[in-house]
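Note sheet for the following structure.
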Amino acid sequence: MKKRIISAFSIVCALALIIDHSIDSKNKIIDNSTDGDYSATAGVISAAAFDEDALTSISVTDSQAIATAKSLGDIYGYDNIGICNVSEGNLNIRESASTDGKLVGKFPANAACEILKTEGEWSYIKSGEVEGYVLSEYLITGDDAWDKALELAEYVATSTTGGLRVRVEPNTDCEIIYQLADGEEVPILNNTQEDDWIEVDVDGDTGYVSSEYVDVDLSLTTAMTLTEARYGAGVSDVRMAACDFALQYVGNRYVWGGTSLTNGIDCSGFTMQVMAQYGVRLSHSSRAQANEGTTISTSELKPGDLIFYGRGGSINHVAIYIGGGQIVHASNKRDGIKISNYMYRTPIKCVRVLYD
5 MKKRIISAFS IVCALALIID HSIDSKNKII DNSTDGDYSA TAGVISAAAF
55 DEDALTSISV TDSQAIATAK SLGDIYGYDN IGICNVSEGN LNIRESASTD
105 GKLVGKFPAN AACEILKTEG EWSYIKSGEV EGYVLSEYLI TGDDAWDKAL
155 ELAEYVATST TGGLRVRVEP NTDCEIIYQL ADGEEVPILN NTQEDDWIEV
205 DVDGDTGYVS SEYVDVDLSL TTAMTLTEAR YGAGVSDVRM AACDFALQYV
255 GNRYVWGGTS LTNGIDCSGF TMQVMAQYGV RLSHSSRAQA NEGTTISTSE
305 LKPGDLIFYG RGGSINHVAI YIGGGQIVHA SNKRDGIKIS NYMYRTPIKC
355 VRVLYD
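Per this note's numbering, residue 5 is the first one in the sequence shown, and the count goes up by one each step.
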């Protein structure tokens, strides 16, 4: 039996369709430079926590609707919401209200923030774990921001246990295709629950997880933090350079079959293009790349090595290890290029293509 999630969010979406808001489409220049290295992936803000068994804690009847900013604020956790309005790349978040200010974070297109104050042409915002200044002209605000939030918000499932099994069908008698780490977050498909199972997307593949072991939230993407690099001892300059190069594209688009670091790329296209900068030629296929270097163990991993993931033993995803137990990879359409814990799924193989 399938239970359709009818939420306050969905009803307000329907109401919002009658309002036509236009957004200034003038050309924008976004600074994609970095002053440090990413230490955290783009986060999400929970909009509402759901009962594990029945995804219905904000369910409403057709006659109930939320039409005020206060009610919307209760759902999203924002009082003065802003949405990043850039056509590509990320909006820089700075420590001071100046283009010379120290970079403290990256604000992806369509990510949400709380606008804490406005100083001239700058707004001081909080998004995820990042606080700082952004140029106000690149923020959607007011009623337009609420409408955009309604359009963008998605249901996500967050694993509450290590090794959460993702299955090919909604039952325990079928194949296990992935295992998710504790705290790993994946998009929910179709906003439906089948018995005690939830359909999810893991790096473009569809699977099912038990509702008993996930928290379900309505979420909006938030900013990414920056910290100083900590690659550890014995890491060569070329490895650090490769990681630095890869990290500057965090937040950019995922496009299946794509090869453009700025306009859209998939997982193997990302590793192919990054490694090409350092003289390494790789195929545009994760399965092929797994055989284009030296196989190593997880204990031998260094920044710049490749980690491969798969389904049922068959490789279908690749990422770059950046040290500290983290990877950077072109993940999926929702998250784009992001940083994850390298154990967010169980690795199938590790390969070295950069040699010191």
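Each residue gets a CB set at the ideal place from its N, CA and C atoms; glycine is no exception.
Three-state class that DSSP yields for residue i in the structure shown
i	result
ASP241	helix
ASP365	Here the chain covers residues 5 to 360 and nothing more, so residue 365 does not appear.
LEU305	coil
ILE205	Residue identity check: residue 205 is Asp in the sequence provided, not Ile. ASP205: strand per DSSP, three-state reduction.
CYS178	coil
LEU251	helix
GLU296	coil
ALA323	strand
TYR359	coil
SER102	coil
GLU189	strand
TYR348	coil
ALA161	strand
TYR82	coil
SER140	helix
Buried versus exposed call for residue i [16 or more other C-beta atoms within 10 Å across all chains shown]
i	result
CYS88	buried
ALA153	buried
GLU188	buried
THR226	buried
ARG349	buried
TYR346	buried
ASP66	Annotation note: pLDDT 27 at ASP66 (below 50); position unreliable, no value reported.
LEU120	exposed
SER344	buried
ARG285	exposed
ALA323	buried
N- and C-terminal bounds of the beta strand (DSSP E) containing residue i
i	result
VAL278	Looking at the DSSP string, VAL278 is not in any beta strand (DSSP E); the run it does join, the alpha helix (DSSP H), is 271-280.
GLU133	Element bounds for GLU133: n/a, residue is neither H nor E.
PRO112	107-112
ALA334	330-336
ARG171	168-171
ALA87	According to the sequence shown, residue 87 is Ile rather than Ala. Taken as a continuous stretch (DSSP letters only), the beta strand (DSSP E) holding ILE87 covers 85-88.
ARG3	The structure shown has nothing for residue 3, since the chain only spans 5 to 360.
Residue range of the unbroken alpha helix (DSSP H) whose run includes residue i
i	result
GLU118	Counting along the chain, GLU118 falls outside any alpha helix (DSSP H), though it belongs to the beta strand (DSSP E) covering 116-123.
ASP147	146-156
ALA292	290-293
Cβ-Cβ separation, residue j to residue i (assumed contact under 8 Å), whole Å
i	j	result
ALA334	ILE269	5 Å
ALA116	ILE97	That pair is no contact at about 13 Å.
PRO307	VAL239	6 Å
LEU224	LEU156	6 Å
ILE181	GLY81	Not really, about 33 Å apart at Cβ, beyond 8 Å.
VAL206	ILE192	Not confirmed; about 11 Å, so no contact.
TRP126	ALA101	4 Å
GLY93	ASN256	7 Å
ILE408	CYS247	The question about residue 408 has no answer here: the residues shown for the chain are numbered 5 through 360.
TYR137	LEU95	Wrong, their Cβ atoms sit about 11 Å apart, outside the cutoff.
Test: residue i CB closer than 9 Å to a CB of chain C
i	result
ASP147	No chain C is present in this structure, which holds just one protein chain.
| query | Between the region 349-360 and the region 275-285, do three or more beta carbon pairs fall short of 8 Å? | reply | yes
| query | Would you call the region 168-175 and the region 131-143 touching, i.e. three or more CB-CB distances under 8 Å? | reply | no
| Are there three or more Cβ pairs, one per stretch, closer than 8 Å when the region 254-261 is compared with the region 337-345? | yes
| contact_flag[the region 212-227, the region 287-295] where n(CB pairs < 8 Å) is 3 or more | no
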